[in-house]
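Chains as they are written, first to last, in our numbering: chain Z, 3 to 395; chain S, 3 to 395; chain R, 3 to 395; chain H, 3 to 395.
There are 4 protein chains.
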Amino acid sequence: MSEKRKVKMGMIGGGQGAFIGQVHRIAAAMDSEIELVCGAFSSDPEKSILSGKALYLDPSRCYPDFNQMLQGEAALPASERMEFVAIVTPNHLHYEAAKCCLEAGFHVLCDKPATFSLKEAIALKNVVHESGKLFGLTHTYLGYPMVKRAKELVAQGELGTIRKIMVEYQQGWLSQKEDEDSKQAAWRLDPAKAGISCCMGDIGVHAANLAEYVSGEKITALCADLGTVVDGRRLDDDGAVFLRFSNKIRGTLLASQIAIGEENNLTLRLYGDKASLHWQQEEPNTLIIKRHNASSTIERSGIGEGSSFVTDAMRVPAGHPEGYIEAFANLYRDFAHNVKISRNGTLTASKFVPGIEDALRGMAFIEHVVAADRSDTKWHDLVTTHSPFKDIT
Amino acid sequence: MSEKRKVKMGMIGGGQGAFIGQVHRIAAAMDSEIELVCGAFSSDPEKSILSGKALYLDPSRCYPDFNQMLQGEAALPASERMEFVAIVTPNHLHYEAAKCCLEAGFHVLCDKPATFSLKEAIALKNVVHESGKLFGLTHTYLGYPMVKRAKELVAQGELGTIRKIMVEYQQGWLSQKEDEDSKQAAWRLDPAKAGISCCMGDIGVHAANLAEYVSGEKITALCADLGTVVDGRRLDDDGAVFLRFSNKIRGTLLASQIAIGEENNLTLRLYGDKASLHWQQEEPNTLIIKRHNASSTIERSGIGEGSSFVTDAMRVPAGHPEGYIEAFANLYRDFAHNVKISRNGTLTASKFVPGIEDALRGMAFIEHVVAADRSDTKWHDLVTTHSPFKDIT
Amino acid sequence: MSEKRKVKMGMIGGGQGAFIGQVHRIAAAMDSEIELVCGAFSSDPEKSILSGKALYLDPSRCYPDFNQMLQGEAALPASERMEFVAIVTPNHLHYEAAKCCLEAGFHVLCDKPATFSLKEAIALKNVVHESGKLFGLTHTYLGYPMVKRAKELVAQGELGTIRKIMVEYQQGWLSQKEDEDSKQAAWRLDPAKAGISCCMGDIGVHAANLAEYVSGEKITALCADLGTVVDGRRLDDDGAVFLRFSNKIRGTLLASQIAIGEENNLTLRLYGDKASLHWQQEEPNTLIIKRHNASSTIERSGIGEGSSFVTDAMRVPAGHPEGYIEAFANLYRDFAHNVKISRNGTLTASKFVPGIEDALRGMAFIEHVVAADRSDTKWHDLVTTHSPFKDIT
Amino acid sequence: MSEKRKVKMGMIGGGQGAFIGQVHRIAAAMDSEIELVCGAFSSDPEKSILSGKALYLDPSRCYPDFNQMLQGEAALPASERMEFVAIVTPNHLHYEAAKCCLEAGFHVLCDKPATFSLKEAIALKNVVHESGKLFGLTHTYLGYPMVKRAKELVAQGELGTIRKIMVEYQQGWLSQKEDEDSKQAAWRLDPAKAGISCCMGDIGVHAANLAEYVSGEKITALCADLGTVVDGRRLDDDGAVFLRFSNKIRGTLLASQIAIGEENNLTLRLYGDKASLHWQQEEPNTLIIKRHNASSTIERSGIGEGSSFVTDAMRVPAGHPEGYIEAFANLYRDFAHNVKISRNGTLTASKFVPGIEDALRGMAFIEHVVAADRSDTKWHDLVTTHSPFKDIT
């Protein structure tokens with residue numbers, strides 16, 4: 003099929019001190035299928051170069067900014083040149099960076115949420131389509147084997163007709179005023195960098211994405227109650243949402259960053275007319291299926307069930323816990339697989355990686371939740387064609 | 003203090019085949035402080051008498067109906083006469099039975115919800131006050147030691163200022179059409195017997211009561227999304243509610259009877275600015291306290307912590323699980339204690355048992371949730387002074 | 003079948019301050035099938051009488067000692083007379099009390115271990131057989147619904163051929179020197195009252211009994227390592243045992259009273275060639291079945307599976323936790339059932355209650371474990387015909 | 003300190019189809035501190051070379067056997083040459099490979115158990131000491147953050163004086179006859195390749211190592227009961243051991259490969275006189291501390307507690323599960339750190355990695371357990387100076 007060499011990756015953002023950039027690098031390195039070859043790791047040119055050197059990169063490929071990176075890499079022979087770019091900056095920089103990379107002919111794997119606004123996401127979709135390049139979005143939680151297994155069970159009809167979808171994402175890391183000083187917190191709470199929402203934009207969107215992915219249904223309307231619990235914040239740090247999915251399925255989404263003592267409690271429950279399904283991110287290798295007047299089933303990753311769609315996402319046998327980084331690495335491995343395929347010109351995403359449609363739906367979710375919260379009317383339709391806010395479209 | 007003899011109890015409802023009546027009797031018998039002496043167990047006189055005999059009652063005190071019971075018992079010497087009546091009929095009969103008992107001079111311990119409507123609850127409150135008799139309401143879950151411990155921890159300020167209250171009650175026993183035929187299901191789904199709501203009236207009201215009890219806060223406003231998931235039903239079998247408590251505390255209440263595979267999953271989570279508290283009815287002897295950037299604590303019933311308010315609610319040492327029936331028995335034991343105290347004329351409820359205020363708030367919750375669900379407006383104030391429905395006030 | 007009246011019970015031991023006597027009374031009262039009518043609650047005559055009065059007994063049936071109780075009750079009309087005696091004294095008094103009751107024509111339900119020594123147990127077996135009366139032994143844990151379900155699953159061949167039996171019983175209540183002062187601890191650590199062993203005699207014997215009951219296999223040989231961890235004690239407070247069961251099945255039994263922080267952690271695991279079974283007393287309503295390269299099953303009490311042998315042991319629906327007291331009450335209810343049956347002269351134990359065979363095996367287990375611990379040889383056969391100790395036979 | 007380049011690694015064993023070799027490679031790659039540069043992946047020269055190419059290695063460094071690798075690498079400039087060798091063959095080849103590598107001047111990181119026999123381990127110790135090179139042993143479970151935290155808590159005296167150590171390792175992957183055909187099973191059940199033991203040699207040794215590491219105590223004597231449960235096997239597949247540790251601490255070690263339905267259930271419990279500690283490999287990010295008559299504590303990786311000894315072993319914040327591969331990668335990262343330090347001639351193992359002493363103790367444990375099982379005497383001292391078997395020393 004494709005040439006026998008690792009996939010070459012560049013990175014924008016993720017300089018020293020950043021959290022998520024390092025996670026992306028670990029995930030990319032894990033399976034030895036991807037090689038980080040260059041980067042523009044910071045908006046501060048000096049810090050950008052230093053960060054690259056600390057990662058053992060060739061100094062000539064530690065660029066001061068991403069425009070120089072795009073030029074420098076384009077000038078290299080195809081076999082040495084980076085093939086895709088991982089974008090791990092704060093939200094407000096995603097669109098510009100992704101646009102430039104795609105237009106320069108590089109595939110893009112972008113951190114979520116995809117853009118600063120729905121308007122940008124709509125624009126990005128056009129850029130992606132015109133570029134003919136791959137665009138991936140790191141909705142990490144879709145990389146877990148048991149999330150894939152959950153999707154498979156639903157698709158196979160194990161739950162029967164879905165009646166009710168409950169998803170929640172509880173964190174406590176922003177429960178204190180003093181938590182706001184960290185690098186990760188500062189930009190997430192700043193409307194100029196994070197966009198219109200903190201809690202819903204950062205984690206609510208993960209929950210919505212997970213619920214849609216596993217159920218195969220789309221959110222069509224919502225009613226929201228967001229809150230800013232810690233004084234002085236300008237964005238939401240807590241919220242609850244009633245959902246309607248396609249096929250009139252009823253649902254709820256609860257998310258918080260001030261749920262003190264919670265770590266990263268993302269939990270999905272789907273109730274059908276034949277069975278229900280329960281998954282928790284903090285114990286990711288377990289899936290519980292409950293039935294009516296019958297015993298429940300515990301499925302564990304690596305044990306018996308599941309097609310290759312599921313088992314390909316595991317590296318070690320059952321009982322050897324795989325976690326968040328492995329889930330993340332699955333997205334990278336699958337994206338790299340697609341990049342390899344595309345080397346000969348084909349653009350078939352043969353492995354599933356969340357992409358521009360998830361980007362669009364995510365941004366639409368965020369803006370409609372915030373708009374619904376501000377309204378006295380109960381229900382609001384969710385559309386991806388335009389923003390509910392006149393002033394920000 | 004009071005005379006040395008067991009407290010004598012009569013019962014209305016709970017004839018052969020009824021579920022909850024038998025639970026009341028087991029709870030009453032458990033601590034050998036209460037003696038069932040008479041009953042009118044069914045609206046069918048013959049069945050009523052047979053039921054009493056099967057319970058080893060004196061045949062002369064197996065009454066064909068509750069009016070004859072009130073007359074018959076009144077005619078007995080005080081030392082033999084029943085002292086209180088347990089009412090365990092379907093909802094629509096509670097008010098009439100409770101009113102007659104109270105007016106005949108007997109204390110009443112009534113199953114929940116207290117009445118058929120908020121209007122009846124308001125009327126009942128007057129009856130209780132005029133009678134000078136004790137009125138208790140079996141909100142069973144308040145009888146658990148660790149629920150009491152949770153209340154104590156909140157009151158002691160262990161959680162700091164409460165910011166967020168999450169309660170949910172998931173059941174699956176009505177998830178199938180064919181589940182409707184059982185005796186328990188039939189009346190709960192019949193508006194003429196259950197009242198305006200099935201899911202919220204049967205279990206939502208427990209969740210609301212538990213949240214208010216432990217937090218010490220009152221629900222002041224709500225927004226509701228109820229559903230009738232199984233075709234052909236006339237009442238809700240699933241629902242979600244946004245809550246506002248006193249002090250602007252934000253909350254959510256989720257309840258369902260169609261959550262397939264769920265048994266009796268009542269879960270309470272309280273988040274303060276210092277710590278959070280987690281309790282699940284299905285594992286009732288455990289309470290988890292989570293903190294910010296610090297280890298969590300597992301409190302177990304019978305281990306160290308807790309004042310006598312908590313430890314009095316236990317019968318065996320830690321590690322010997324006590325359950326639902328013991329929690330129920332705690333209400334009975336405490337009510338019997340109060341009855342004993344009142345023998346000499348005092349009416350001091352020295353032990354806490356949920357009562358007429360819980361009755362009123364419960365009925366107000368049910369009616370406002372249903373009204374809010376029917377409205378296009380998001381938020382609705384909760385008041386106990388009148389029904390939100392003109393036609394049913 | 004039998005006359006329509008409650009079964010009448012007397013009690014020996016269990017005076018004020020005793021723990022287990024009160025548990026027996028609660029268990030007996032719970033289902034309103036048994037009536038406590040008399041007792042000799044203490045070796046101190048005055049305390050005995052006071053204890054009875056505090057239990058609302060007829061003063062004429064609060065006896066100063068058990069001999070007077072046997073005489074007094076025998077003099078009453080058959081319909082008023084006690085029908086069985088619950089023996090809840092320390093171990094060293096069991097034999098004498100049981101013997102007298104049986105010989106006086108009363109059935110006996112005795113706390114475990116049955117006697118002070120294997121020699122006494124052998125003698126008691128003869129007394130039981132000659133008396134023609136019922137003898138029950140309160141191996142409480144056999145009363146749990148899911149223990150019965152476990153036995154049923156094994157008997158049905160769900161696990162295939164049993165290969166390995168692991169049972170453990172961890173407690174921490176004697177982990178401190180100062181724990182020795184309580185009434186419960188004092189006699190258990192006193193060789194004159196408890197017998198030859200503390201940990202193995204008090205809880206190891208429960209573990210052995212549970213393993214034999216569920217598996218249907220008998221312990222045939224053992225190798226033991228007992229310890230006295232807290233200085234100054236004269237009996238074991240910790241121990242480990244290798245087991246051989248019938249059919250050469252390999253097993254282990256671990257027990258401790260100094261396992262600090264443990265409550266009452268009795269855990270059973272059975273491994274067959276088709277599946278394994280896992281049960282924990284602290285979460286008694288759950289049974290887990292694990293299989294080879296296949297998903298596991300969670301069985302919950304009240305959900306679907308199980309014959310009436312199992313479901314008769316429950317009082318409330320799934321999700322309403324039943325616990326230790328309910329398990330205890332199941333033994334009482336079943337024993338009372340057998341007592342009723344016997345009223346007309348039949349002595350068919352139609353419901354299973356642990357009895358004199360369990361008594362014998364329990365005492366044999368205790369003595370052989372202690373003997374094996376004292377030996378330098380690894381393996382020792384377990385027999386019920388005579389003690390391994392010459393000096394104490 | 004040391005030159006700024008990745009640490010270069012070669013590998014012996016781990017060709018296509020091998021399980022553990024791939025895990026080693028993933029662990030080595032994860033943190034981008036180590037670069038796999040060469041290998042002799044199979045005893046079949048052709049397969050060895052093909053395996054290397056599939057890993058994107060320079061064809062000139064895909065060697066047909068490890069002797070050629072040692073020669074080939076020695077001939078390269080120091081800055082390109084491999085710096086250490088990972089040995090991932092079956093047990094019987096470890097010693098020869100390790101000896102050759104060390105004598106050729108390369109550091110060695112070896113899979114466990116270290117050698118085929120205690121005699122070889124003693125010899126290897128001499129080779130290591132004479133070589134002046136680093137020798138690491140991949141006792142993976144020591145790489146978990148919460149295992150390090152456990153060790154830290156014990157060392158800080160949180161448990162008080164240790165009284166009792168319970169470790170168990172239950173697997174079910176060899177429970178069926180037909181499980182014996184896999185590549186992993188075949189050599190483990192073959193005495194010519196695995197050595198004197200299957201279950202104890204493969205996993206019992208992990209359990210013993212973990213218990214010694216966390217407690218800081220050494221096993222001094224033991225009594226064993228091993229079994230060969232599945233017919234026709236020549237080595238043990240199940241076993242139980244009584245342990246004595248230094249300071250007369252009592253302990254038990256239970257291990258099985260026929261515990262059907264078990265995945266990789268390695269569990270450690272330490273009981274002191276102040277508190278106890280509980281850790282399970284299948285839920286590795288949680289550590290529970292239980293106390294006497296006081297609430298328990300849940301420590302979670304990434305939450306508050308723990309020195310850098312613990313926190314350095316984590317990559318992502320609390321609630322983002324890290325697992326087996328991350329634990330493995332911690333050993334690799336720490337070993338690579340030590341390799342870097344040694345570049346300038348120093349041989350200070352500044353980061354802890356299990357080494358030759360663990361190798362020796364592990365082999366001594368295996369041989370003494372097998373010898374003890376074959377003896378009729380109960381207790382046997384454990385020494386590392388010579389084998390208990392005359393014929394195999």
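By construction, the Cβ of each residue, glycine as well, lies at the ideal position given by its N, Cα and C atoms.
In or out: residue i buried (at least 16 other Cβ within 10 Å) or exposed?
i                 : result
SER248 of chain S : exposed
ASN346 of chain R : exposed
PRO61 of chain R  : exposed
LYS342 of chain R : buried
I'd like to know if residue i contacts chain R, where contact means its C-beta is closer than 8 Å to some C-beta of that chain.
i                 : result
GLU37 of chain Z  : no
SER297 of chain Z : yes
CYS225 of chain H : yes
ALA116 of chain S : no
Give the straight-line distance between the Cα atoms of residue i and residue j, rounded to the nearest whole angstrom.
i                 : j                 : result
ASP183 of chain Z : ASN266 of chain Z : 20 Å
ASP240 of chain Z : HIS388 of chain Z : 25 Å
ALA157 of chain Z : ALA277 of chain H : 48 Å
LEU289 of chain R : TRP175 of chain H : 22 Å
ASP181 of chain H : ASP33 of chain R  : 51 Å
VAL149 of chain H : ARG317 of chain R : 43 Å
ILE14 of chain Z  : ALA257 of chain Z : 29 Å
Taking 8 Å as the CB-CB cut-off, is residue i touching chain S?
i                 : result
HIS322 of chain R : yes
TYR326 of chain R : yes
GLY306 of chain H : yes
GLY229 of chain Z : yes
Contact criterion: CB-CB distance below 8 Å. Does residue i meet it with respect to chain H?
i                 : result
ASN332 of chain Z : no
Between residue i and chain Z, is there a C-beta pair that is closer than 8 Å?
i                 : result
LEU256 of chain S : yes
LYS6 of chain S   : no
GLY16 of chain H  : no
ILE394 of chain H : Reliability fails at ILE394 of chain H, whose pLDDT of 48 lies under 50, so the model's placement of it is uncertain and the value that follows must be treated cautiously. No - not a single Cβ of chain Z is within 8 Å of the one on ILE394 of chain H.
GLU154 of chain R : no
In the DSSP output, which residue or residues are listed as bridge partners for residue i?
i                 : result
GLN70 of chain Z  : Partner(s): none; GLN70 of chain Z has no beta bridge.
SER298 of chain R : Z:ILE300
GLU170 of chain S : S:LEU256, S:THR269
LEU279 of chain S : S:LEU272, S:ILE291
Hey, residue i and residue j are a contact pair by Cβ (cut 8 Å); roughly how many whole angstroms apart?
i                 : j                 : result
ILE1 of chain S   : HIS294 of chain Z : This structure cannot speak to residue 1 of chain S, because chain S is shown only from 3 to 395.
GLY206 of chain H : PHE118 of chain H : Going by Cβ atoms, the distance from GLY206 of chain H to PHE118 of chain H rounds to 16 Å, so no, they are not a contact pair.
Following a CB-centred definition, is residue i positioned closer than 7 Å to any heavy atom of the ligand MN?
i                : result
ASP67 of chain S : Absent from the structure shown: the ligand MN. Ligands present: none.
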